[in-house]
Structures are given as structure tokens and as C-alpha cells.
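First the structure, in the form of C-alpha cells, and then the observations on it.
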């Protein structure tokens, strides 16, 4: 990967309660070409704590380097060295690091109604529509531009794209503040539509390619979750986590209960469920905290979204080799996708994902990295 000369923009961002300043550099580089010849760029965001790569293909996080308790730096997200790896997945998508939409997660049978009119999204996951259909936002070339402390990725999804109504204009801003990656999402539409946009990074706090995440310790700030049917569509409404393997209110190793004889774990092959976060929708709150005893790295997730999809990498099967040349096998990474609940357009008791002309969808998620002994 070669970085273009003269495209480095050093910027400063106000950090911390005492107003300390830390420089953030933004550097643009070539990340390869799509099969149709279009060039893909990657923006490297760096400060004293983090080194993060954001590619225009899928507006995805392609690397995220941070220090362990001893100061050793490692890349803690799964992915590939260039755009070729992402394209090579074909229909066997992992969605590594990407922005997923127009509707992240699943819609039953790909069908929903707005103002009495039914719309059909092409099913691409066991008869359901997953992450916006076969050619969602992860599969699009976004437009990037440098902003103070980071990069803004923009995409215009035309009326009828994957069957969704309305032209949706989306902006995703990635900025670095101390040891945090802040992601700010916004979207507007010219027709009533539904939208649920999130980031699909896979984390392994010991470093990508280092093994499984089963020994990492997870806390989820949620008293309830949404059980699913065999198609991983929520069914039966929210249920308490208490007394189940889904209770992560106290920090618990991910692998401690993942093999228990639980029907929900059996359906998903592990964890792949939506947790209903404690706190108000639209207000910033703690979603999750992950601690890796091996490296001492800690990931804290805060969000304005009402839910988080914890996915334990159950469907990774070793088919694809990552950046370090190691095949990504089952449980090689975990996802914490801040979101509205799956299938919300068909479940009126869930928080609404309807977006109307004149409104702006706005949400914020922050990934904060630290260490502990």
C-alpha cells in the first residue's frame, strides 16, 4: 500500500476534561481497485493512541491498531490487506468492518409496508433480507473527505435501491478523540422509508488472527434480549436475560456458557442476538464492555441506539485468510453492532425505524480503547 504524497492533513482535536490537545493526522492512500476499475481509497487516522484505516469500499474499518498493557501495538479488527480480499468473498459475506444498510440486520422475508404499500427486498439469508439485501451499503463505493480529526463517508442510495423507497442520503463520520473512535451517522430521505445503519467490525482484542474470543470477558448493559426463530428473526417479544446464558450484566467470559444446551444458542450456533439496552433511545449510554485478560486491552462501547447485536463469529469457517495470513475460524472475532432491533418494520412494539422527508436520522456510537492490568 503506497501513500500519496502531499495528502497528509494534520489536525487537532480538543481532548479530555482539562482541554489537552492531541494531533490527529489524516492520510489518504490507494487501497486497490474494484473489478469494474473504480479506485478505492483508504484514509489512515492517527493520534497518540490509535491508528485506524477507513476504506471507501463499504465505508469500512480495515485496521484498528492500539496498545496492550505493555505498550505493544496490534491490529484488533478482522479484515484484509486490500479491497481484493473483500471482493473475493462474493456472496459468502462476512461484512468485515463495513457500514451495513439500508437496513442492518434482518427483515422477515424481505417484506415491509410503509403507508400501506408493501415493499420487497431481495432475500439473501435463509429467506430473509440481511443488511439491506445482496448489494447493501457494504458493497458500495462511498465518497470520502477529510474533516477535522477524521473522515466523512457519504453515499446516495437512489429510490428503489434494493427495493427500498426514497432516495436516502447518508453521511458517516469517523473521528479520533483520545483512545476513542467516534462514529456519527446521519441520513435524510425524499420519501418515507425505513433505515437502520451500523458498523459491522469484528474485534479480537488479542489481535486479529490470534485465535478465538472465547476467553474475552463481556459485559452487556441489558436486562432483556429478543429471542429468535430459526431464521434469526425476533419472535415472542423481549425476554429477561436473568437465569439464561444471555445474562452478561456481570462481566462473564464469552465461552463460559456458549456450549450450554440452550435452544437459542443452538439456533444461532452461539450468540447472534439483539440485546435491549438499559437507558433511553436517543441518549448516550453504556452498551458493552469487553476485557481481554491476555493483552489487558479493554473495549467500551457507548451509543444513542436502543439495542446492540452481539455476534460471536459463529459462521466464520476458515474459508478466508485475513491480513496476517491466518484463516478466520469460528469465534475468531466478535461484533457489537449498535442498532435498532431486527425486523422492526414488521414489529410495531419495537422502536420505529421509519424516516420521513424533512427528518434526519441521527445516531452516535463510540468505541473506546484502554488497558488494565
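Residue numbers (our numbering): 10 to 382. Glycine included, C-beta positions come from ideal geometry on N, C-alpha and C.
- In this structure, DSSP gives residue 306 an extended state, which the three-state scheme calls strand.
- Per the Cβ contact rule, the segment 221-237 is not in contact with the segment 136-150 (fewer than 3 Cβ pairs under 8 Å).
- Residue 91 carries a coil assignment under DSSP once its states are collapsed to helix, strand and coil.
- If you draw a straight line from the Cα of residue 375 to the Cα of residue 167, it is about 29 Å long.
- Annotated three-state conformation of residue 162 is strand, per DSSP.
- In this structure, residue 315 lies away from residue 371, with their beta-carbon atoms at least 8 Å apart.
- With a 10 Å radius around the Cβ and a threshold of 16 neighbouring Cβ atoms, residue 361 comes out exposed.
- According to the DSSP assignment, residue 297 belongs to the beta strand (DSSP E) that extends over 294-300.
- Using a Cβ-Cβ distance cut-off of 8 Å, the segment 104-114 and the segment 215-226 are not in contact, since fewer than three pairs of beta carbons, one from each stretch, lie closer than that value.
- Note: residue 128 is bridge-paired with 121 in the DSSP secondary-structure output.
- Rounded to whole angstroms, the gap between the alpha carbons of residue 77 and residue 337 is 22 Å.
- In the assembly as shown, residue 37 is a buried residue. Its beta-carbon has 16 or more other beta-carbons within 10 Å.
- For residue 277, the uninterrupted alpha helix (DSSP H) segment begins and ends at 272-277.
- Note: residue 181 is bridge-paired with 162 and 194 in the DSSP secondary-structure output.
- Residue range 370-380 is occupied by the beta strand (DSSP E) that includes residue 372.
- The residue among 266, 285 and 275 with its C-alpha nearest the C-alpha of residue 248 is 285.
- Counting every other CB atom within 10 Å of its CB across the protein chains shown gives residue 250 a total of 16 or more, marking it as buried.
- Check the Cα spacing between residue 109 and each of 274, 357 and 180: the tightest is with 180.
- Of the candidates 56, 51 and 112, 51 places its Cα closest to the Cα of residue 90.
- Where residue 40 is concerned, the enclosing beta strand (DSSP E) starts and stops at 29-42.
- Here DSSP, grouped into helix, strand and coil, assigns residue 218 to coil.
- Between the beta-carbon of residue 177 and that of residue 204 there is about 6 Å, and that keeps the pair under the 8 Å contact cut.
- For residue 138, the secondary structure class from DSSP, reduced to helix, strand or coil, is strand.
- Judged by their CB atoms, residue 351 and residue 243 are nearer to each other than the 8 Å cut-off.
- Counting only runs of 3+ residues, the beta strand (DSSP E) found wholly inside the segment 324-365 occupies 344-348, in chain order.
- Our two residues, residue 379 and residue 84, have alpha carbons roughly 14 Å apart in a direct line.
- Residue environment for residue 154: exposed (fewer than 16 other C-beta atoms within 10 angstroms of its C-beta).
- A direct Cα-to-Cα measurement between residue 320 and residue 115 gives close to 13 Å.
- The beta carbon of residue 264 is closer than 7 Å to those of 223 and 224 in its chain, skipping five residues each way along the sequence.
- Residue 343 and residue 255 have their C-alpha atoms some 15 Å from each other.
- Residue pairing from DSSP places residue 48 in a beta bridge opposite 42.
- With fewer than 16 neighbouring CB atoms inside 10 Å of its own CB, residue 82 falls in the exposed class.
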